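Residue numbers (my numbering): 1 to 377.
Beneath this line is the structure, given in structure tokens, with notes to follow.
Given below as structure tokens:
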């Protein structure tokens with residue numbers, strides 16, 4: 001049995017969701033595991049995280065990409081992910097050796113159109129566990145197996161896409177298995193102030209960034225009471241023109257503000273593990289932050305009405321929702337009362353989002369093998 005894991009993006013934000021399963025699965029001596037990566041940087045990440053994980057038997061393979069794609073891709077990636085498509089189009093021989101391919105996104109479903117890969121089972125693991133509707137479309141029906149983090153996602157896929165429960169095993173959140181092996185993050189500030197993490201999403205129509213982001217940064221620049229970590233979704237500055245990234249030079253030398261727009265700390269929970277207060281909008285990182293319940297604030301920059309009845313904003317039940325900087329300033333004065341108002345809801349939503357049964361990466365490995373044994377007879 002040969003199972004592949006594909007990392008086919010420009011950043012490593014999907015790697016922490018995929019790699020723990022690969023490493024865990026490689027402990028099965030009846031399974032050959034290949035990690036297929038699209039870049040030298042992802043190859044290094046897979047190797048380095050494998051060293052952190054410990055003993056594993058994964059083969060790490062750099063996918064073939066035509067030289068001309070590598071040449072022009074830096075110029076085109078702001079508008080089209082040319083290299084991602086090239087990886088899928090030019091590695092048929094490699095994919096043909098696999099019984100199953102585990103992927104963290106739906107782009108790879110184009111492999112289903114390749115007649116030479118008719119045998120290949122497609123397994124999806126979502127890279128995040130948020131409440132947004134992105135990724136909750138009919139494309140899910142094309143996957144042979146979808147690994148879900150908890151009851152929330154399983155029930156949404158069953159009700160919204162009418163996918164059978166047996167195709168949606170609950171496994172937990174493999175990213176936590178890797179994070180737990182990392183050392184504690186180094187504190188960024190040497191003072192007694194509370195630290196706020198501002199984590200805006202990259203989607204213009206949902207994010208607080210374009211409408212309120214600079215006002216948020218100026219508010220904390222002028223504050224004597226708080227530190228701020230500005231750590232947006234890594235794609236905000238990866239595709240800066242598309243998502244409205246802005247020059248942050250005015251905040252670079254502020255002693256109470258740490259700015260990160262592109263390092264691995266944006267994806268390895270460095271910031272969610274060390275801050276006191278979460279400030280965001282629709283990013284799934286809220287649930288990673290809530291692994292340790294703490295106060296949260298949310299920015300309703302688009303003045304969405306009736307958000308209480310919209311699934312996309314379910315996590316806004318975990319803290320005060322602000323529609324202006326004045327609202328934010330007031331909410332911070334009330335932050336010490338968060339436990340009485342929100343702790344119960346935070347714990348309830350966390351339980352719905354992440355299963356705590358067993359070890360997630362092992363649960364996932366077992367679910368994949370069980371599925372293939374049944375379907376292959």
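Note that the Cβ used here is the ideal one computed from N, Cα and C, for glycine as well.
Since the structure is predicted, the reported quantities are computational estimates derived from the model, not experimental observations.
For residue i, count the other beta carbons within 10 Å of its own beta carbon; 16 or more makes it buried, fewer makes it exposed. Which is it?
| i | result |
| --- | --- |
| residue 294 | buried |
| residue 52 | exposed |
| residue 68 | exposed |
| residue 54 | exposed |
| residue 374 | exposed |
| residue 358 | exposed |
| residue 262 | exposed |
| residue 110 | exposed |
| residue 9 | buried |
| residue 241 | exposed |
| residue 353 | buried |
| residue 275 | buried |
| residue 313 | buried |
Give the single residue among the options whose Cα lies nearest to the Cα of residue i.
| i | options | result |
| --- | --- | --- |
| residue 34 | 77, 79, 98 and 366 | 98 |
| residue 167 | 10, 154, 199 and 8 | 154 |
| residue 44 | 7, 72, 141 and 196 | 7 |
| residue 343 | 250, 290 and 109 | 290 |
| residue 347 | 327, 318, 337 and 364 | 318 |
| residue 124 | 135, 147 and 141 | 147 |
| residue 355 | 74, 287, 100 and 73 | 287 |
| residue 235 | 256, 199 and 191 | 199 |
| residue 193 | 277, 120 and 218 | 277 |
| residue 94 | 70, 42 and 38 | 38 |
| residue 170 | 126, 239, 195 and 76 | 126 |
| residue 112 | 135, 129 and 141 | 141 |
| residue 230 | 219, 239 and 224 | 219 |
Any idea what DSSP makes of residue i, helix, strand or coil?
| i | result |
| --- | --- |
| residue 298 | strand |
| residue 370 | helix |
| residue 328 | helix |
| residue 318 | helix |
| residue 159 | helix |
| residue 10 | coil |
| residue 363 | helix |
| residue 122 | strand |
| residue 34 | strand |
| residue 59 | strand |
| residue 2 | strand |
| residue 192 | coil |
| residue 335 | helix |
| residue 202 | coil |
* Is it true that the segment 235-248 meets the segment 205-217, where meeting means three or more beta-carbon pairs spaced less than 8 Å apart? -> yes
* Asked: Is the segment 306-313 close to the segment 214-228, with three or more CB pairs under 8 Å?
  -> Judged by Cβ distances under 8 Å, the segment 306-313 makes no contact with the segment 214-228, as fewer than three pairs qualify.
* In chain order, which continuous runs of the beta strand (DSSP E) of length 3 or greater are located wholly inside the segment 242-296? -> 257-259 and 277-280
* Could you give the uninterrupted runs of the alpha helix (DSSP H) lying entirely in the segment 134-179, keeping only those of 4 residues or more? -> 151-161 and 174-179
* To do: Mind the definition here: the segment 270-289 touches the segment 4-22 only if three or more C-beta pairs lie below 8 Å; say whether that holds.
  => no
* Any beta strand (DSSP E) of 3 or more consecutive residues that is wholly inside the segment 68-108 -> For the beta strand (DSSP E) assignment, the uninterrupted runs of no fewer than 3 residues enclosed by the segment 68-108 are, from N- to C-terminal side, 100-103.
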